[in-house]
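Here is the structure we will look at.
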Amino acid sequence: MMQRSFIYFPTEAVEHRFDEVIFESDGVSTTSLLLNKGQDKAIIYFAGNAENVAFTAAEFEQELASYSVYLVNYRGYGTSEGAPSEAALLSDALAMYDSLVLTHESIFIIGRSLGSGVASYVASERPVKKLVLVTPFDSIQSMAQKQFPFYPMSILLKDKFNSVERAGNIYSDTQILVAEDDKVVRRIHTDKLVESLVNRAPEVVLIQGAGHNDISQYSTYYQSISAFFNAH
């Protein structure tokens, strides 16, 4: 559908030095980069809609060295097969979690921007111990409706990524990273999500001076995530 061309911006495969792991879901193969192989605890990272995970892999590898980190290439991204859609991404994410929980002591999840919608879904369906949401939104439908108030987005948008609707089923310890100068996900949309996480109040971290796309370049980004994951 045309609306998906405004949500997904698949990135091309690039050469890199990292291990790759293939996951199968509904007959489609997706590829994730694997960092720090063999650790007891694992992190699954669901990226933004135009993010090439190979470009930040070295930082994840260094900053989260005590965890095996799986950087997900959505369908149609990198060397992953298929085409992206909400239903496909959510199905793939659950299948991946269910596979990794068999080989790791515990699974933590990070979701950034679009990936926060995927991460929220997994946490609402599985007992995820710790969840980090970076520049998250209440729903894509809500953001689109705010931007285009005269269009019936509930009808036009097939992929809604309604995290607010799923928040009542999330029992994870949750950290939310907010970019102070975010021009993509306005604060009102993040605040609505924060308010909907009623089972456990999330830890909200404001990254001073950061924008939507450069938040991970600030030192407090990985420091906050690492401290949150390492806390008992």
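Under my numbering, the letters of the sequence shown match residues 60 to 291, in that order. For every residue, glycine included, the Cβ atom is placed at its ideal position computed from N, Cα and C. All figures in this text were calculated on a predicted structure; none of them were measured in a lab.
Nonlocal neighbours in the same chain, by C-beta distance under 7 Å from residue i, ignoring five residues either side
i: I166; result: A101, I103, Y156, L159, V160 and V187
i: G141; result: V87, R134, G135 and A147
i: V181; result: A152, L153, Y156, I168 and V187
Same chain, Cβ closer than 6 Å to residue i, neighbours up to 5 away in sequence not counted
i: V193; result: R171 and L236
i: K219; result: S198, I199 and Q200
i: R185; result: Y156
i: Y67; result: N108 and P143
Three-state class that DSSP yields for residue i in the structure shown
i: I168; result: strand
i: V187; result: coil
i: I66; result: coil
i: F114; result: helix
i: D232; result: strand
i: Y129; result: strand
i: E71; result: strand
Residue span of the beta strand (DSSP E) that contains residue i, given as start and end
i: K100; result: K100 to F105
i: D78; result: D78 to S84
Beta-carbon proximity check, residue i vs residue j, cutoff 8 Å
i: I229; j: S179; result: yes
i: F287; j: L252; result: no
i: A290; j: L256; result: no
i: I169; j: I284; result: yes
i: V73; j: A106; result: no
i: Y129; j: L173; result: no
i: S127; j: G97; result: yes
i: E122; j: Y281; result: yes
Beta carbon proximity, residue i to chain D, threshold 8 Å
i: Y129; result: Of the chains in the structure shown, none is chain D; there is only one protein chain.
Inter-residue CB distance, residue i and residue j (contact presumed, cutoff 8 Å)
i: T70; j: E79; result: Their Cβ separation, rounded to whole angstroms, is 15 Å, which puts T70 and E79 out of contact at 8 Å.
i: L265; j: E224; result: No, L265 and E224 are not in contact; Cβ-Cβ is about 25 Å, not under 8 Å.
Range covered by the alpha helix (DSSP H) that runs through residue i
i: Q282; result: S278 to N289
Cβ-based neighbour list, residue i, same chain, cut-off 8 Å, excluding 5 preceding and 5 following
i: N95; result: E120, L123, A124, S125, Y126, S127 and V128
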